[in-house]
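These notes concern the structure reproduced below.
Residue numbers (the working numbering): 5 to 380.
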């Protein structure tokens with residue numbers, strides 16, 4: 005049991021410990037303002053943008069590729085959403101559908117060059133980072149597109165009614181406990197060794213306690229922010245795709261050993277292209293949340309967002325060599341990055357120091373990944 009816990013849980017415990025240290029440090033440094041209900045609510049909304057980007061990015065990294073264009077793509081798609089909303093007064097649902105469809109097209113465009121033209125993803129997405137930003141500036145004439153409508157504001161600024169929020173979190177908690185029970189029962193049925201029941205149910209209990217505590221904090225302010233509900237739904241979908249579908253297994257296989265996967269009959273090119281398409285849709289959702297939250301489409305929106313997304317994935321356990329990573333880990337990494345941003349902003353840390361800190365954290369995370377690979 006110890007070996008199983010050590011290999012599969014140690015990284016999660018390390019992230020939780022790091023998050024706890026961040027919370028304690030900034031709580032003392034800000035005289036408790038960091039953990040105030042209002043700031044926790046702002047932090048959650050801030051995490052949603054990086055988190056949604058990380059959901060798409062982690063699939064790209066698992067497939068042993070990289071996407072440097074997500075920041076510029078998010079800015080462009082946010083600009084498209086703002087133009088449709090402010091200039092053409094499109095209905096909110098049509099704006100959302102067109103923006104997500106545009107994200108899918110841009111993602112597939114990147115994926116086509118990588119998968120079928122064999123251009124390294126670093127070069128393809130670096131070109132995209134420049135081109136998408138240029139298209140955004142051209143579309144908006146370098147001006148901010150504002151103000152967005154109250155309908156679009158619902159995506160990034162609204163809150164779930166109290167009763168609905170309590171119901172959603174309660175169902176989620178019941179689902180966590182039911183999942184542990186079902187997994188243990190399935191393992192026992194197939195003769196697979198289970199971890200200690202106390203250990204597994206203790207993890208579920210801690211998760212339930214954290215969720216209920218977070219619910220209490222958020223409800224004491226204005227409720228659960230809509231962006232976190234959107235991100236939560238995407239986490240469930242992406243986790244299911246990664247762990248329960250043949251498509252998810254093919255992604256891991258491609259990242260682990262692409263030639264062996266090709267010889268087993270998997271269409272590697274199509275799978276990689278679809279991975280980039282999925283990433284483009286996640287960028288579109290993040291763009292809608294960002295534009296809604298800002299109330300405008302800005303030529304500078306999404307600048308350096310790719311750094312946060314990649315760092316979130318690597319901190320969350322994804323290996324840049326491919327084949328390793330998890331959606332939940334990427335979300336934990338996004339929470340850590342957003343917490344650092346939020347805490348340093350509250351302390352009025354100069355922007356250049358914030359960039360230095362985040363850069364060094366990314367370097368440290370990759371270094372730890374390399375050391376872990378060598379140790380194995």
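Beta carbons: idealized from backbone N, C-alpha and C, even for Gly.
Residue 5 in three-state terms, based on DSSP: Position 1 of the chain shown holds residue 5. Any answer about residue 5 is weak, because its pLDDT of 40 lies below 50 and its placement is not dependable; what the coordinates show is given next. Looking at residue 5 - three-state DSSP - the assignment turns out to be coil, as it is neither helix nor strand.
Residue from 145, 341 and 139 with nearest C-alpha to residue 364: One-based indexing of the chain shown puts residue 364 at position 360. For residue 364, the nearest C-alpha among the options comes from 341.
Burial state of residue 121, where buried means 16 or more other Cβ atoms lie within 10 Å: Within the chain shown, the letter at position 117 stands for residue 121. Exposed: under 16 other Cβ atoms inside 10 Å.
Three-way DSSP call (helix, strand, coil) for residue 225 in this model: In the chain shown, residue 225 corresponds to position 221, counting from 1. In the structure shown, residue 225 sits in coil (DSSP, three-state: anything other than H, G, I, E or B).
In chain order, each alpha helix (DSSP H) run of at least 4 residues that lies wholly inside the region 110-152: 125-144
C-alpha distance - residue 142 paired with residue 80, whole-angstrom precision: As a working mapping, residue 142 is identified with position 138 in the chain shown. As a working mapping, residue 80 is identified with position 76 in the chain shown. The straight-line gap from Cα to Cα measures roughly 10 Å.
Alpha-carbon to alpha-carbon, residue 256 and residue 11: Position 7 of the chain shown, counting from 1, holds the residue named residue 11. Position 252 of the chain shown, counting from 1, holds the residue named residue 256. Because residue 11 carries a pLDDT of 44, less than 50, the predicted location of this residue cannot be relied on, and the following value inherits that uncertainty. Those two C-alpha atoms are separated by around 18 Å.
Residue 163 - partner residues in DSSP beta bridges: The residue you call residue 163 lines up with position 159 of the chain shown. BP columns for residue 163 point to 229.
Contact belief for residue 287 with residue 47 at Cβ below 8 Å, rounded distance in angstroms: Counting from one through the chain shown, the residue named residue 287 turns up at place 283. Counting from one through the chain shown, the residue named residue 47 turns up at place 43. The Cβ separation is near 22 Å, so there is no contact.
Inter-residue Cα distance where the pair is residue 352 and residue 368: As a first step, residue 352 must be located in the chain shown, where it is residue number 348. As a first step, residue 368 must be located in the chain shown, where it is residue number 364. One C-alpha to the other measures close to 24 Å.
Neighbourhood of residue 8 by C-beta distance below 7 Å, restricted to the same chain and skipping five residues each side: The sequence position of residue 8 within the chain shown is 4, counting from 1. The pLDDT assigned to residue 8 is 42, lower than 50, so where the model puts this residue is not dependable; a value taken from the coordinates is nonetheless given after this. Once the five neighbours on either side are set aside, the close Cβ partners of residue 8 are 199.
Delimiting residues of the alpha helix (DSSP H) encompassing residue 299: For the purposes of this step, residue 299 is taken as residue 295 along the chain shown, with counting starting at 1. Boundaries cannot be given for residue 299, as no alpha helix (DSSP H) includes it and DSSP labels it neither H nor E.
Beta-carbon proximity check, residue 322 vs residue 334, cutoff 8 Å: Position 318 of the chain shown, counted from the start, is the residue given in the question as residue 322. Position 330 of the chain shown, counted from the start, is the residue given in the question as residue 334. Going by C-beta atoms, residue 322 is nearer than 8 Å to residue 334.
Three-state secondary structure assigned by DSSP to residue 270: Taking the chain shown and counting its residues from 1, the one referred to as residue 270 is at position 266. Note: residue 270 maps to coil in three-state DSSP.
Complete beta strand (DSSP E) runs within the region 187-257 (minimum length 3 residues, chain order): Listed in chain order, nothing qualifies, since the region 187-257 has no complete beta strand (DSSP E) run of 3 or more residues.
Residue 3 and residue 243 closer than 8 Å at C-beta: Residue 3 is absent from the structure shown; the chain starts at 5 and stops at 380.
Buried versus exposed, by CB contacts within 10 Å (16 or more), residue 69: Working through the chain shown from its first residue, we reach residue 69 at position 65. Flag for residue 69 reads buried.
For residue 245 and residue 258, believed in contact at Cβ under 8 Å, the rounded distance: Indexing the chain shown from 1 puts residue 258 at position 254. Indexing the chain shown from 1 puts residue 245 at position 241. In this structure residue 258 is not in contact with residue 245, their Cβ atoms being roughly 14 Å apart against a cut-off of 8 Å.
Reduced DSSP secondary structure (H/G/I, E/B, other) of residue 345: For the purposes of this step, residue 345 is identified with residue 341 of the chain shown, where counting begins at 1. DSSP places residue 345 within a helical segment (H, G or I) once states are collapsed to three.
Residue 75, DSSP secondary structure in three states: Locating residue 75 in the chain shown gives position 71, counting from the first residue. Residue state, collapsed to three classes: helix.
Per-residue DSSP class, three states only, for residue 308: Translated into positions along the chain shown, residue 308 becomes position 304. Residue 308 falls in the coil class under three-state DSSP.
CB-CB length for residue 235 against residue 347, believed under 8 Å: The sequence position of residue 235 within the chain shown is 231, counting from 1. The sequence position of residue 347 within the chain shown is 343, counting from 1. Rounded, the Cβ-Cβ distance is 20 Å, inconsistent with contact.
Validate contact between the region 261-271 and the region 81-100 using beta carbons, cut 8 Å, 3 pairs: no
Nearest-angstrom Cα separation, counted from residue 345 out to residue 34: In the chain shown, the residue the question calls residue 34 occupies position 30. In the chain shown, the residue the question calls residue 345 occupies position 341. Cα to Cα, residue 34 sits roughly 14 Å from residue 345.
N- and C-terminal bounds of the alpha helix (DSSP H) containing residue 34: Taking the first residue of the chain shown as 1, we reach residue 34 at position 30. DSSP places residue 34 in no alpha helix (DSSP H); its state is neither H nor E.
Where residue 24 falls, given that 16 or more other Cβ within 10 Å makes a residue buried: Walking along the chain shown from the start, residue 24 turns up at place 20. Answer is exposed; the Cβ neighbour count stays below 16.
Exposure label - residue 30; buried when at least 16 CB within 10 Å: What you label residue 30 is simply residue 26 of the chain shown in a count that begins at 1. The residue in question, residue 30, is buried, as its Cβ has 16 or more Cβ neighbours within 10 Å.
Of the listed residues 75, 62, 119 and 336, nearest to residue 275 (C-alpha basis): The residue labelled residue 275 in the question sits at position 271 within the chain shown. Closest by alpha carbon: 119.
Sub-8 Å separation of residue 317 and residue 62 beta-carbons: Here residue 317 refers to the residue found at position 313 when the chain shown is read from its first residue. Here residue 62 refers to the residue found at position 58 when the chain shown is read from its first residue. Contact: yes.
Exposure label - residue 36; buried when at least 16 CB within 10 Å: Looking up residue 36 in the chain shown gives position 32. Exposed, because fewer than 16 other Cβ atoms sit within 10 Å of the Cβ of residue 36.
Where residue 17 falls: helix, strand or coil (DSSP): Residue mapping note: residue 17 aligns to position 13 of the chain shown, counting from 1. Residue state, collapsed to three classes: helix.
Residue span of the alpha helix (DSSP H) that contains residue 47, given as start and end: On the chain shown, residue 47 is found 43 positions in, with the first residue counted as 1. 41-66 is the span of the alpha helix (DSSP H), which, as asked, contains residue 47.
Alpha-carbon spacing of residue 115 relative to residue 43, whole angstroms: Within the chain shown, the letter at position 111 stands for residue 115. Within the chain shown, the letter at position 39 stands for residue 43. One C-alpha to the other measures close to 38 Å.
Straight-line gap, residue 313 to residue 338 (C-alpha atoms, nearest Å): Counting from one through the chain shown, the residue named residue 313 turns up at place 309. Counting from one through the chain shown, the residue named residue 338 turns up at place 334. The straight-line gap from Cα to Cα measures roughly 7 Å.
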